[in-house]
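Down below is the structure, laid out as structure tokens.
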Amino acid sequence: MSVRSFLRPDRARRPDGQITVGAIDAVRLDALREEATGIWASAMGYPSSLIATRASLIRQHLREPDLRAVTAHESDGTLVGFAYGYRSQPGQWWHDEVHGLAERAGNGVLLDWLADCHELCELHVRPHQQGRGIGRRLAEEFLATIPARRVILSTPDSPTAAVSLYEALGMQLLAPGFVFSTDARPFAIYGIELTAR
Numbered sequence: 001m002s003v004r005s006f007l008r009p010d011r012a013r014r015p016d017g018q019i020t021v022g023a024i025d026a027v028r029l030d031a032l033r034e035e036a037t038g039i040w041a042s043a044m045g046y047p048s049s050l051i052a053t054r055a056s057l058i059r060q061h062l063r064e065p066d067l068r069a070v071t072a073h074e075s076d077g078t079l080v081g082f083a084y085g086y087r088s089q090p091g092q093w094w095h096d097e098v099h100g101l102a103e104r105a106g107n108g109v110l111l112d113w114l115a116d117c118h119e120l121c122e123l124h125v126r127p128h129q130q131g132r133g134i135g136r137r138l139a140e141e142f143l144a145t146i147p148a149r150r151v152i153l154s155t156p157d158s159p160t161a162a163v164s165l166y167e168a169l170g171m172q173l174l175a176p177g178f179v180f181s182t183d184a185r186p187f188a189i190y191g192i193e194l195t196a197r
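Heads up, the sequence shown is in UniProt numbering, so the first residue is 1 and it goes up one at a time.
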């Protein structure tokens, strides 16, 4: 089942329990970089000492092709979650790491996916706000904006709420147990086919 078959674009934009989810542009994402990176660190269990470096990386990502970003805010404007991504292509760190994995493993399916896909770089919700459907709403809104035929992502390879979300959205496991050069934890690569609009 494709994600397009059950997405309801109005659902992601509708206030629900004081949370509003919607698309933003690169300028707005840049303005939210520090706050978003704090959410990233707390959601991933990374030390706050990595926030400045990650915020700088997000700034670099703002120049990537076909950037798409969505945020979730409380009624008072507090950022509670965000997601963003862009077209994956050679020369990008994540693309090259995953491409190398696929080549070493002889994973032709993953290589095919990398040929035409959008990377969902980050999708995070403040830990105290998790379990309220915010991550799902962010994912649905993000997927509804994508111009590519496929979306691919990585997530820690363990039974987490994130894995459950991605599988519930219809994403398929493309490669388990991948260890990035910058993180000792194993990650899983997931992808989803998007039907034509």
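Glycine is no exception: its CB is placed at the ideal position from the N, C-alpha and C atoms. None of the values given here were measured: they were computed from a predicted structure.
Worksheet item: Who pairs with Pro156 in a beta bridge, going by DSSP?
Response: Locating residue 156 in the sequence shown gives position 156, where the first residue counts as 1. Pro156 pairs with Phe187.
Practice prompt. Kindly identify the DSSP beta-bridge partner or partners of Thr71.
Written response: Working through the sequence shown from its first residue, we reach residue 71 at position 71. Paired residues: Gly22 and Phe82.
Worksheet item: Leu194 to Arg149, Cα distance in whole Å?
Response: Here residue 194 refers to the residue found at position 194 of the sequence shown. Here residue 149 refers to the residue found at position 149 of the sequence shown. Straight-line Cα distance between these residues: approximately 5 Å.
Practice prompt. Would you kindly check if the distance between the Cβ of Ile152 and the Cβ of Trp113 is under 8 Å?
Written response: Position 113 of the sequence shown holds residue 113. Position 152 of the sequence shown holds residue 152. Yes.
Worksheet entry | CB-CB length for Ser164 against Ala188, believed under 8 Å | Numbered from its first residue, the sequence shown carries residue 164 at position 164. Numbered from its first residue, the sequence shown carries residue 188 at position 188. About 12 Å separates the beta carbon of Ser164 from that of Ala188, a gap too long to meet the 8 Å contact definition.
Worksheet item: Phe178 by DSSP, collapsed to three states: which one?
Response: In the sequence shown, counting from the first residue as 1, residue 178 sits at position 178. DSSP places Phe178 in strand when its eight states are reduced to three.
Discussion item. In chain order, what are the residue ranges of uninterrupted alpha helix (DSSP H) at least 4 long that sit wholly in the segment 92-161?
Written reply: 93-105, 108-114 and 134-144
Worksheet item: With distances taken from CA atoms, which of Arg104, Ala52, Leu120 and Asp96 is nearest Tyr190?
Response: Position 190 of the sequence shown, counted from the start, is the residue given in the question as residue 190. Selected option, being the one with the closest Cα: Leu120.
Fill in: CA nearest to the CA of Leu143, picked from Ile19, Ile39, Ile58 and Arg87
By 1-based counting over the sequence shown, the position of residue 143 is 143. Leu143 has its Cα closest to that of Arg87, out of Ile19, Ile39, Ile58 and Arg87.
Discussion item. If I follow the unbroken alpha helix (DSSP H) through Gln60, where does it start and stop?
Written reply: For the purposes of this step, residue 60 is taken as the residue at position 60 of the sequence shown. Segment Ile51 to His61, the alpha helix (DSSP H) holding Gln60.
Worksheet item: Val109: which of Leu79, Ala41, Gln172 and Thr182 sits nearest, CA to CA?
Response: Here residue 109 refers to the residue found at position 109 of the sequence shown. For Val109, the nearest C-alpha among the options comes from Gln172.
Fill in: Simplified DSSP assignment, three categories, for Glu193
To locate residue 193, count along the sequence shown from 1; it is residue 193. Correct three-state label for Glu193: strand.
Practice prompt. Evaluate Glu103 with the Cβ neighbour count: other Cβ atoms within 10 Å of its Cβ, from every protein chain shown; 16 or more gives buried, anything less gives exposed.
Written response: Stepping through the sequence shown from its first residue, residue 103 is reached at position 103. Taking every protein chain shown into account, the CB of Glu103 has fewer than 16 other CB atoms within 10 angstroms, so this residue is exposed.
Item to complete: In the DSSP assignment, find the alpha helix (DSSP H) that holds Gly38 and state where it starts and stops.
Response: Looking up residue 38 in the sequence shown gives position 38. It spans Arg33 to Met44 - the alpha helix (DSSP H) in which Gly38 sits, taken as one unbroken run.
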